Amino acid sequence: MVTLDHYVMLSALLFATGTIGVFLRRSVITMLLSIEVMLNAVNLAFVAFGRSIGSADGQVMMFFVVTVAAAEAAVGLALVIALFRHRETLNPDMFTSLKW
Amino acid sequence: MGTELLLFYLFGAVALGASLLVVLGRNPMHSVLMLIVSFAALAGLYITLDSPFAAVIQIIIYAGAIMVLFLFVVMLLNAHKEDALVAAGAPMGAKPLYAGAGLAVVLAAELVWALVRAPQGSGGPMSGGASPDAAALESVRGLGQLLFTDYGFAFEVTSILIIVAMVGAVVLAKREL
Amino acid sequence: MLRFIPLLPFIGFLINLSLGRRLAKTASGAVACLAMFGAFVVSAWSVWTLVQMPPDSRGIVDQIAPWVESGALSIPFTLRLDPLGALMVLVVTGIGFLIHLYSTAYMHEERDSEYARYFSYLNLFASFMLVLVLGANFPVMFVGWEGVGLCSYLLIGFWFSKKSASDAGKKAFIVNRIGDFGFLLGMFIVWVQFGTLDFQGVAHAAGQLPVEAVFGTLSMATLLLFVGATGKSAQIPLYVWLPDAMEGPTPVSALIHAATMVTAGVYMIGRNAVLFSHAPETLAVVAGIGVATALMAGTIGLVQNDIKRVLAYSTVSQLGLMFVAMGVGAFAAGIFHLYTHAFFKALLFLGSGAVIHALAGEQDIRRMGGLRRELPVTYWTFLIGSLAIAGVPLLSGFFSKDEILWKAFSGGHYVVWAVAVVASLLTATYMFRLVFLTFHGERAEPRAADSSDDGRAVAPHDAHGGGAHDAHGVAAGGHHGESDGGTHLHDAPPAMAAALILLAIGSIVAGYIGVPTVIGGSNRIEAFLEPSFAVPGIEIDAAKLGSNHADARPDQASGDGHAAESPSPVAGENHAAEGQRSAAHAVEGQEPATHAASAQDHQTELTLMAFSSGIALAGIGLAAYFWLRRRDLTDRIAAAFSGLHRLLLNKYFVDQAYDAAIVQPIYRASERGLWTVVDTGMIDGTVNAVGRSVAGWSSALRLLQTGSIRAYALSMFVGVVVILGYYVWR
C-alpha cells in the first residue's frame, strides 16, 4: 500500500529535477519553470504530510504556497520582460554587471 | 489496496516524466506545456490524498492562471525559438553547473536515504476513508474554517502580498516609468 | 585665612587670563599689582598675628580641604605659617609686588594681549610660590614646586617666537623635571619610612631617630630631596638652565631666578631641617656641592659679557653659599642669606633691566660705559646692590654672608670655608667688573675681535617686544628713541625707579635683623627662625638622644620677648634690647656652637669678620685696578691665558658635555629606536597591517560576487545540501 514515504520520495525526486533545471537551462523563463516544479514538489510534500497527520493544515499550507508562487511568477516574469527589453536576450549569464 | 498503488505510480510517473521533460526540453513552449501536464498529474495525486480542494486549486490557479501567464510571456518574447541546453558562455564555465546538477542528485539521494533510515514506517495508509478526519479533510467548509480562523492573519498578509506583487509587476514591466 | 595669600594672585591670574585681551594695559597691570599687594597685606597681617604668639608655639594652620584620602594615606591641602614660612612669604609677596610694579613700566611696549599674558603668568607664579612656601606637607609643597617650574617655563619662553627663548624655556623645564623626579623619590622614601608626609609629622618622627652615622635610609631620602633642590636652585649638576633663563624678560629673571623660585631648594632643606640634620652624609654632600658650585659659577661669571649672564652666574654662586650654610647645619644663616640676597639680587637684576631699557636692548657690557652720568638713579641703586653682594660691611649682604662663613669655620669645615672665601672674592671682583664696565669710563666701541665668545653673549637680546628688532636692538620707533650713539638716554621711569629705590633701601637695612651678638647685635633672625628648625612639640627629655632638641626652650628665658619683630625691610633695627641670642640652636650641625661662651670664639669671629670684609674690599680693589684703570691689561691677560679664558667663557663646556652625553644619545635613541622601530614599525605597522589584511581579505572575498545569479543559486544550494546532510546524518 501507499505510505507517506512514497509521496515524500516522489516529492524529493521532483525537487531534484527542478533544481537540475535551474542550473542547466540557459533561458530565464525555463529557469522560472523549473522553480515552479520545485514549488510543486514542496506542495506535494505538504499535502502528504497533512494527510498523514489527519489535519487540513497541509492543504492550507499548499494554498499559501500556491498564492505566493503566483505572486512570484508574476513579478519574475515582469522582470524577465524588463530584462529582455534591455538586452534582447534571455540568457541569465549575460546579466552579470553587478560583479566585483 | 492495489488501485491506490497503481494510481499512485501512474500519476507519479507522469508527474516525474513531465517534469523531466520540462527541464530537458529544448523549446520553452514545450516546457510550459509539459509543466501543465505535470500539474494535472499532481492534481490527481492530490485527489488520491483525499484533498480535492487542493487538486482543484492546483488546476485552476496553477495550470489555469500561472501557466497561461507563462505562455503569454513566452509568446511575447518570442522565446519559443531554441537555445542550447547548457550555457557555453557562462562566466564561470559549465563545470559548476554540472556540479550543481550533480548536487541536486545528491540531495535527492539524501532525502530518500533519510526516509529509508527512519525507524518505523512513517505514516499509516494514506488513502482510504478509515481515518475519522477524512470528512474534515475533504470538506471545503472545514478548510475554510481553518483558513479564516487559525490562519486568518496569514491569509490577510497574503492578500497584501498579492497586491504588492501586482503593483510590482506593473511597475517593472512598464516601458518608461 | 592663609588661603588668601596664594588665592589673591591666583584670582589675578584668572582675571588676566580671561579678560586680559580686552583690558587696557593699565588695567591688567593694576589687577596684577593689586593682587600682589593684597597678598602682601594679608601676609603681613598673618605674620603680625604670628609674632603675637609665644615663640615656641608659633604656627597658624589653614586646612583648606581634604585632598587625598586613600586608605592609610591622608593628604589634606593644608597651609601652615611658621617663622620660616613667615619670612619667605613676606619676601615673596613684598619683593614680588615691587617687581610687578617695575614690570608695568618695563613691559610697556608689548601689545595689550601680551602684556596681560605676562602679568597672568607672573601672578600665577606668585600663587604657586606661595603655595610652595606655605604648604604644610610634601605633596602641597610639590604642587607649588611643579607650578613654579611651569611658570618659569612660561615666563622664560615668554617671547616664544624667538627660538633661543623657547629653547631656554624647554631646557629649564626639563632640567627642573629631572630634579623633581629626585624630589618625588625622596618623598616616597619619606612616606615609606615615616608613614606621614606632613612636615611637622616627619620632623617629629625623625627627631626620634638617631643621627645616621653611615649612609642609610634617611640619607638616601634627603639626598634625593637634595637632587630636587639642585634642579630648582641651580646647583651642580642641574644648574645649566639658569643662565639660559636670561632669555626671559628681566623682571622675570629678577623675581624667579633671583629672589624666589631658585630659593625654593634652600627653603625646602630648611623646612626639613630635622630630617637633614639626621643625615650628616647628605649634609656633607650639600655643603660640598654648594661650595663647588659657588666657586665654579664665580669663575664663569668673571668673564661673561652679557650683563644678565653675569648676574645669573652670580645667583648660582650665591645659592651655592646658601647651600653651604645648610650643609654645615646653619639653617638660619642660610635662610638669612636667602632673604638678603633676595633684596640685592632683585635690585641688581632690575637695575640691569633699567640699563637695558635705556639702551634699547643692548646687553653686552663691552658696549656700555659711562652710564653713571646719564642714569643716576640706576647707577646708585646698582652700586648699593653691588656693595651688598660683595659683602661690604654695614650692608645686608655682609651680615648674612659673614654668618655663613663663620658658621662654616666654627663648625670645623675649614676647606669649605676656604673655598667659600675664594668664591666671595670672586663675587666682589666680578660684580665690580660689571659696575665699572657698565657705568664708568667711556662708552666703549665694539671690539674688533670677538672670536672667543660663545655666541650667546654677543647677540643683544630683545628686551622689548617680540617684534623684529635688528641686531643692535634699536627699536623701530615707539621707543624712547635711542641709538647706540646715545645722545640722550633717560633713566628709569617712575615705576621702575620706585622699585629700585625701595630695594636699595632694603639691601642696606635688611641685614640688621641678623646682627651677630659678637658685635653687639641680637641676631633676632636666628632666634626667630629657630623654632622652625626644631622638632615640633616640646621635648623636655633631652636624654632622648641628640643634642639638637628644643631642650633649652622651656627653661631658657627666651630673650626675645620680642618687640614687634617684623622682618620688613624698613622696620628691623637692632634694638639695644638685650635679647640674648638663644645659645642652643635647635638644629646645629655637629657641634653646638655656643658663641656666648668663650671670648676665644669671639676673638675668632671678629677676626674672621674683619678678614671677610678685607676680602670684599680686595675684590673691589682688583676690579677697580683692572677695569677702571688698566683695561688693556685685561685684554692682554685674556690673550695670554686664552685657553683658560675660552674655557670659562664657554662655561667649562658643560652644556656641550651634557648635550653629547645625554641629550644626543636620547635623541638618537628616540629617533632611531623608539620612533622608527616602535612607533612607525610596530604600532603603525600593526594598525596598518590590520587595515591591509582587511583589504586583502576583501579583495579575495569579493571574487564571490560574480554577478551570475546561477552562481548564487549554486552557493545557496550547496549550503542547503550541506545543512540537510548534517541533520540527516545525525
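Chains as they are written, first to last, in numbering that gives the first Met the number 0: chain W, 0 to 99; chain A, 0 to 176; chain Y, 0 to 729.
Beta carbons are placed, not taken as given, at the ideal position from N, Cα and C, and that holds for glycine.
The structure presented is a predicted model; accordingly, all values stated were derived computationally and were not measured.
Where the alpha helix (DSSP H) containing Gln207 (chain Y) begins and where it ends:
Per DSSP, Gln207 (chain Y) is one residue of the alpha helix (DSSP H) stretching across 198-207.
Taking 8 Å as the limit between beta carbons, can you name the residues of its chain near Thr29 (chain W), skipping five residues before and five after?
Gly20
Looking only at its own chain, which residues have a Cβ that is under 6 Å from the Cβ of Met608 (chain Y), when we skip the five neighbours before and after it?
Asp401
Less than 6 Å between C-beta atoms, sequence neighbours within five positions excluded: which residues of the same chain meet that for Leu394 (chain Y)?
Leu386, Ala387, Ile507
Quick one: is the Cβ of Ile161 (chain A) within less than 8 Å of any heavy atom of the ligand PLP?
By its list of ligands, the structure shown contains no ligand whatsoever, and the ligand PLP lies outside what it can speak to.
Report the start-end ranges of each beta strand (DSSP E) in the region 61-88 of chain Y that is 3 residues or longer and not cut off at the edges.
72-80
Going by DSSP in three states, Gly134 (chain Y) sits in which element: helix, strand or coil?
strand
Backbone secondary structure at His479 (chain Y) - three-state DSSP:
A caution first: His479 (chain Y) carries a pLDDT of 38, below 50, which makes its placement in the model unreliable, though a value can still be read off. Looking at His479 (chain Y) - three-state DSSP - the assignment turns out to be coil, as it is neither helix nor strand.
Spatial neighbours of Lys406 (chain Y) within its chain, please: C-beta separation below 6 Å, excluding the five flanking residues on both sides.
Val327, Ala329, Ala332
Reduced DSSP secondary structure (H/G/I, E/B, other) of Asp305 (chain Y):
In the three-state DSSP reduction, Asp305 (chain Y) falls in the strand class (E or B).
Nearest-angstrom Cα distance between Gly724 (chain Y) and Tyr711 (chain Y)?
20 Å
Write down the C-beta distance between Val174 (chain Y) and Leu274 (chain Y) rounded to the nearest angstrom, noting that I regard them as a contact closer than 8 Å.
Wrong, their Cβ atoms sit about 25 Å apart, outside the cutoff.
Rounded C-beta distance between Ala104 (chain Y) and Leu22 (chain Y)? I'm assuming under 8 Å.
Contact flag wrong, Cβ pair sits at about 17 Å.
Going by CA-CA distance only, name the one from Y:Ser218, Y:Asp111, Y:Gln51 that's closest to Gly19 (chain Y).
Y:Asp111
Interface flag, Arg701 (chain Y) vs chain W, CB-CB below 9 Å:
yes
Own chain residues within Cβ distance below 7 Å of Ala31 (chain Y), not counting five before or after
Contacts found: Gly11, Asn15, His99, Phe118, Leu121, Asn122.
Candidates A:Arg25, A:Asp49, A:Gln57: closest to Leu38 (chain W) by CA position:
Closest by alpha carbon: A:Gln57.
Contacts around Ser18 (chain A), its chain only, beta-carbon distance under 7 Å, and the 5 residues preceding and following it disregarded
Ser37
Along chain W, which residues have their Cβ under 9 Å away from the Cβ of Ser707 (chain Y)?
Pro91, Asp92, Phe94, Thr95, Lys98
Neighbour list for Gly724 (chain Y) in chain A, Cβ cutoff strictly below 9 Å
Val105, Leu106, Glu109
Whole-Å CB distance - Ile63 (chain Y) paired with Leu78 (chain Y), under 8 Å assumed:
7 Å
Please confirm if Leu84 (chain A) has its CB atom under 9 Å from at least one CB of chain W.
Bear in mind that the predicted position of Leu84 (chain A) carries a pLDDT of just 44, short of 50, making it unreliable; the figure below should be weighed with that in mind. Closer than 9 Å: yes.
Identify every residue that forms a DSSP beta bridge with Ile59 (chain Y).
Bridge partners of Ile59 (chain Y): Y:Leu80.
Using CA atoms only, rank isn't needed, just tell me which of Y:Leu404, Y:Lys307, Y:Ala496 is closest to Met430 (chain Y).
Y:Lys307
DSSP on Asp363 (chain Y), reduced to helix/strand/coil?
strand
At a cut of 8 Å, does the region 278-292 of chain Y reach the region 247-258 of chain Y through at least three beta carbon pairs?
no
So, is the C-beta of Leu102 (chain A) closer than 9 Å to a C-beta in chain C?
No chain C appears in this structure, whose protein chains are W, A and Y.
For Ile636 (chain Y), does the three-state DSSP call read helix, strand or coil?
Three-state DSSP puts Ile636 (chain Y) in a helix.
Is DSSP giving Gln317 (chain Y) helix, strand or coil here?
helix
Using 8 Å for Cβ pairs, my map puts Ala53 (chain A) next to Val46 (chain W). What's the rounded Cβ distance?
5 Å
In whole angstroms, what is the alpha-carbon distance linking Lys344 (chain Y) and Ala503 (chain Y)?
10 Å
Report the residues of the region 21-36 of chain W with a CB closer than 7 Å to any CB of chain Y, ordered along the chain.
Val21, Phe22
Cβ atoms of Ala341 (chain Y) and Val315 (chain Y): under 9 Å apart, would you say?
no
Which residue comes first and which comes last in the alpha helix (DSSP H) that contains Trp405 (chain Y)?
395-409
If the cut is a Cβ gap below 7 Å, which residues of chain A does His5 (chain W) touch?
Phe7
Out of Y:Ala497, Y:Ser276, Y:Lys162, which has the shortest C-alpha to C-alpha gap to Gly206 (chain Y)?
Y:Ser276
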